[in-house]
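J.: First to last, the sequence lines map onto chains A and B. Under this note's numbering, think of the first position of the first sequence as 1, with each following residue one higher. Under this note's numbering, think of the first position of the second sequence as 1001, with each following residue one higher. Backbone N, C-alpha and C fix where the C-beta goes; we use that ideal spot for every residue, glycine too. All values reported here derive from a predicted model rather than from experimental measurement.
Protein chains: 2
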Amino acid sequence: MQPAPWITYRPEIKVLDCTIRDGGLINNHQFTDDFVRAVYQTCVDAGIDYMEIGYKNSGRIFAPDKHGAWKYCKEDDVRRIVGDNPSNLKIAAMADAGKSDWKTDIIPKEKSVIDLIRVACYVHQTAEAVDMIKDAHQKGYEVSCNIMAISTVQDAEIDQALEVVAQTPADTVVVVDSFGALYSEQVAMLVEKYRKAGEGTGKEIGIHAHNNQELAFANTIEAIIRGANRVDATMAGIGRGAGNCSMELLLGFLRNPKFNIRPVWKLLQEHMPKIKEEVEWGPLPPYIVTGQMNQHPRSAMAWRASDDRDKCLDFYDKVMADV
Amino acid sequence: MQPAPWITYRPEIKVLDCTIRDGGLINNHQFTDDFVRAVYQTCVDAGIDYMEIGYKNSGRIFAPDKHGAWKYCKEDDVRRIVGDNPSNLKIAAMADAGKSDWKTDIIPKEKSVIDLIRVACYVHQTAEAVDMIKDAHQKGYEVSCNIMAISTVQDAEIDQALEVVAQTPADTVVVVDSFGALYSEQVAMLVEKYRKAGEGTGKEIGIHAHNNQELAFANTIEAIIRGANRVDATMAGIGRGAGNCSMELLLGFLRNPKFNIRPVWKLLQEHMPKIKEEVEWGPLPPYIVTGQMNQHPRSAMAWRASDDRDKCLDFYDKVMADV
């Protein structure tokens, strides 16, 4: 073992910014072009590897008059921000099983400035996810598979999903702690499980953490220690409910000199105060409670939108009564 | 190894609340009796093992007209809150090497409602700390030794301090991450180092974490996994600068049924909004920067008190220019 591994780095580690994609879950993806462009430039300047600019989801399911462009990531909208993307930053978009018209809406890679399609599914949607992975791969994209909400499914179900996904051309499989419920020991076991399931396939393991228990950054570190080479973060930790692993924390930990934290502080100073006036995220008490109870944060989000928002005891009592 | 250790518990683990002691560093310990009494009652109701009610520090060094009672913890003041303390909760107070008149101000245990004296020192004050430990032990107290700011001293210095402290009657030696600079791998190594140094002495290892990098709770978990049985936390994470490990997070993790999280949510709902109007703490950008740079948070505290408080890029540039 190295005497002080925290000051060295593993060149294989790549960082994905999902500020617009996950942050957009708070405001129906209604960010201004100015902000999306600022995040793009920040990612380029900071040496970040991927920027997930939104979802490739269905306009039939999500009404276009109620959602911003980043719910759909049409080619013209993406190019309005990144042009032909003359940078080393790769562009990613997420497609949800059950919520996307992936056969038609994901166009061949040679016509798109998007580089990576991240297929998101629940375990019971693994079959559709496999079709989506194959489709995106055949169309020429790099592909990732994000199996969501794994803290609420049985080990055997995860094993089954991983066995199937291992046979697909997905480049990465991501450990997703949707509810911010996992402790480090669980993250360690899951990364190990994903690693074993993908052995010999060349697949990388990713980590996507939520911050309900103030563990998003810590669990990301734990996943890295256990071998994950694909890590998600967002500017100022913006994201649904409690938010995600903060980019400013992550880049402070990663020692690869290709990363530069200063552009992130610049974005936070120049753009985040306005965003924070409009939307709320962070490890607030109701999100802590749902994280501890391993529940979807929707009840906590509703509570924070109500007049009782600061009554954390009342929320705790409600959750415990409903268990 | 256990298949799911995060749902079991180790009965040896004891929790110390340092809300008033560490939180008081933000407001010169000028809490109302009403709040201190509420924290006391919360600790009793929540099954917490120790409440650190403040410092036993010198009235010569800290002007009594500028500091509240909890900077000194005179016997009458403590008894005004806890009476004869007819509960299972033990009362603790911290005495700083170099800042306390411990020979006279710490009275014999049989005359005091305080149970535990926590001796705090920097490594270069180890010699005085040893005298303080012996003194408090002879007076009849349980004694802990908190060596501060270890993230900035040489390994050999820590080894030397631990070798000396191992020969004292201190019951506990606490790993203290004063600057919120440590990552989990460092915490693991330090707990192991402290454990080895105390081998055969029966001393317990403690952990006191700061939240600059949102790692206070995670590092506390890591220390527990590595064998620490004495853990510090505060209500809502209140504490100097970025604050401490939050009690509401910690009690959600600990599975010993003697702990009860509900009184903590009650305190947070009924008393914390007022406190938050008066003082500020949390992993705000300037504290992240000093944590990443392994610096004392004093420059970040000054920045947050200035008109430039929200200019995180300017603070980053200042810190980097001054390195």
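1) Mind checking which residues open and close the beta strand (DSSP E) that includes Cys312 (chain A)?
2) To which residues does DSSP link Val1119 (chain B) through a beta bridge?
3) Under the assumption that Ala300 (chain A) contacts Tyr287 (chain A) (Cβ atoms under 8 Å), give the Cβ distance between them as a whole number of angstroms.
4) Helix, strand or coil: which one does DSSP assign to Asp135 (chain A)?
5) Figure out for me which residue from B:Phe1179, B:Ala1170, B:Tyr1183, B:Thr1220 has the closest Cα to the Cα of Lys1203 (chain B).
6) Going along chain B in order, which residues have a C-beta closer than 9 Å to the C-beta of Leu284 (chain A)?
7) Find out if the Cβ-Cβ distance for the pair Gly241 (chain A), Pro297 (chain A) is shorter than 9 Å.
8) Answer yes or no: does any C-beta atom of chain A fall closer than 9 Å to that of Tyr1183 (chain B)?
9) Identify, in the order they occur along the chain, each residue of the same chain with its Cβ nearer than 6 Å to the Cβ of Asn1229 (chain B), setting aside the five sequence neighbours on each side.
10) Using only CA atoms, which one of B:Cys1145, B:Leu1116, B:Tyr1141 lies nearest to Val1130 (chain B)?
11) Using three-state DSSP, classify Arg1010 (chain B) as helix, strand or coil.
12) Let's see if you can read the secondary structure: which residues bound the beta strand (DSSP E) around Arg1230 (chain B)?
13) Using the beta-carbon count (16 or more within 10 Å), is Pro263 (chain A) buried or exposed?
14) Would you report the Cα separation of Leu250 (chain A) and Asp1307 (chain B), rounded to the nearest angstrom?
15) Does the CB of Gly1252 (chain B) have a neighbour CB from chain A at under 9 Å?
16) Nearest by alpha-carbon distance to Arg118 (chain A): which of A:Met94, A:His137, A:Thr126 is it?
17) Residues in its own chain within less than 6 Å of Cys1046 (chain B) by CB, not counting five upstream and five downstream?
18) Kindly indicate if chain A contains any beta-carbon less than 9 Å away from that of Phe1217 (chain B).
19) Under a three-way DSSP split, which group does Leu284 (chain A) fall into?
20) Starting from the C-beta of Cys312 (chain A), find all residues in its chain whose C-beta is less than 6 Å away, skip the five residues before and the five after it, and write them out in chain order.
21) Val176 (chain A) lies in the beta strand (DSSP E); which residues open and close that run?
22) Could you check how far apart the C-beta atoms of Leu1267 (chain B) and Ala1038 (chain B) are, in whole angstroms? I think they sit under 8 Å.
23) Can you look up Glu1214 (chain B) in the DSSP assignment and give me helix, strand or coil?
24) Within the same chain, show all residues whose beta-carbon is closer than 8 Å to that of Ile1133 (chain B), passing over the 5 residues directly before and after it, in chain order.
25) My guess is that Asn1244 (chain B) and His1210 (chain B) are in contact by the Cβ rule of under 8 Å, so how many angstroms apart are they, rounded?
26) Taking C-beta to C-beta, are Thr32 (chain A) and Thr234 (chain A) nearer than 9 Å?
27) With distance defined between alpha-carbon atoms, name the residue in B:Gln1295, B:Ala1097, B:Arg1304 nearest to Val1323 (chain B).
28) Is the stretch 267 to 280 of chain A touching the stretch 50 to 59 of chain A in the sense that three or more CB pairs, one from each, lie closer than 8 Å?
29) For the stretch 1186 to 1205 of chain B, which residues have a beta carbon sitting closer than 7 Å to at least one beta carbon of chain A?
30) Flag Leu1268 (chain B) as yes if its beta-carbon sits less than 9 Å from any beta-carbon of chain A, otherwise no.
31) Please name the residue, chosen from A:Thr8, A:Ser184, A:Thr201, that lies closest to Ile1225 (chain B) on a Cα-to-Cα basis.
32) Is it the case that the Cβ atoms of Lys1099 (chain B) and Ser1058 (chain B) are separated by a distance below 9 Å?
33) Could you tell me whether the Cβ atoms of Gly1083 (chain B) and Val1113 (chain B) are closer together than 9 Å?
34) When you check each C-beta in the stretch 1293 to 1312 of chain B against every C-beta of chain A, which residues fall closer than 8 Å?
35) What are the boundary residues of the beta strand (DSSP E) that Ile1106 (chain B) is part of?
36) My assumption, with CB atoms under 8 Å, is that Ala1136 (chain B) sits in contact with Asp1115 (chain B). Please give the rounded CB distance.
T.: For this structure:
1) First-last for Cys312 (chain A): 312 to 322, but that is the alpha helix (DSSP H), not the beta strand (DSSP E).
2) B:Ala1095, B:Cys1145
3) 5 Å
4) helix
5) B:Ala1170
6) Per Cβ cutoff of 9 Å: no residues; Leu284 (chain A) is ~11 Å from chain B at best.
7) yes
8) yes
9) Glu1012, Ile1013, Glu1204
10) B:Cys1145
11) coil
12) 1230 to 1233
13) buried
14) 28 Å
15) yes
16) A:Met94
17) It should be noted that the sequence gives Ala, not Cys, for residue 1046 (chain B). Asn1260, Pro1263, Val1264.
18) yes
19) coil
20) Pro285
21) 172 to 176
22) 6 Å
23) coil
24) Val1119, Val1143, Cys1145, Val1165, Thr1168, Pro1169, Ala1170
25) 6 Å
26) no
27) B:Gln1295
28) no
29) Gln1186
30) yes
31) A:Ser184
32) yes
33) yes
34) Asp1310, Lys1311, Cys1312
35) Segment: none, Ile1106 (chain B) is in no beta strand (DSSP E) and carries neither H nor E.
36) Between Asp1115 (chain B) and Ala1136 (chain B) the Cβ distance is about 11 Å, and since that is not below 8 Å, they are no contact.
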